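Undergrad:
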Amino acid sequence: MTGYLTTHVLDTARGLPAAGMRIRLYRLDGDRREALADMTTNADGRTDTPILPATAFAPGDYELVFEAGAYLRAAKAPDGFLDLIPLRFRMEEAAHYHVPLLLSPFGYSTYRGS
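Read in UniProt numbering, the sequence shown has 42 at position 42, and its numbers run on one by one without any break.
1) Can you tell me where the beta strand (DSSP E) holding Arg73 begins and where it ends?
2) Quick one: does the C-beta of Gly113 sit closer than 7 Å to a heavy atom of the ligand MG?
3) Please go through the same chain and pick out, in chain order, the residues whose beta-carbon is closer than 6 Å to the beta-carbon of Glu92, but skip the five residues on each side of it.
4) Rounded to whole angstroms, what is the Cα-Cα separation between Pro17 and Leu52?
5) Would you kindly check if the distance between the Cβ of Phe89 and the Cβ of Gly3 is under 8 Å?
6) Considering only residues of the same chain and omitting the five flanking positions on each side of Tyr97, which have a CB-CB separation below 6 Å?
7) May I ask you to list the residues that DSSP assigns as paired with Ser114?
8) Could you name the residues that DSSP lists as bridge partners for Ala93?
9) Between which residues of its own chain and Thr110 is the CB-CB distance below 8 Å, once the five residues before and five after are set aside?
10) Can Thr7 and Leu64 be called in contact, C-beta distance under 8 Å?
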């Protein structure tokens, strides 16, 4: 089995997938960040392909950056509390990693999904 990374975003305030959100992926090496992917969520709140495909998988530290502020402004959400949401995590084994984001205008949560 080879490793790969997927994600999706749910807008919990509206009860809908977060379509049109830009997500960037970086590989971390100390203070250095290497850009690996720049994608936008589809109508289902997912990227059309894995954000890190099996062909690019390597164990290590990664960061997903969700552009929540731009999405929330476009959705006419109240306030302006959230902007960029960086999530840092480690992938050590060649497996499917799924890192979803549950989003509202005033907070978010994440977990390692399946």
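Yeah, the Cβ is synthetic: ideal placement off N, Cα and C, and Gly gets one too. Source: prediction; values computed, not measured.
TA: Reading from the atomic positions:
1) Segment 68-74 is the alpha helix (DSSP H) holding Arg73; no beta strand (DSSP E) there.
2) Looking for the ligand MG in the displayed structure turns up nothing, as the structure carries no ligands at all.
3) Counting only residues of its own chain and dropping the five nearest sequence neighbours on each side, Glu92 has a CB closer than 6 Å to the CB of Pro59.
4) 20 Å
5) no
6) Leu5, Met91.
7) Partner(s): none; Ser114 has no beta bridge.
8) The question names Ala, but residue 93 in the sequence shown is Glu. Glu93 is not bridged to any residue.
9) Result list for Thr110: Leu87, Val99, Pro100, Leu101, Leu102, in chain order.
10) yes
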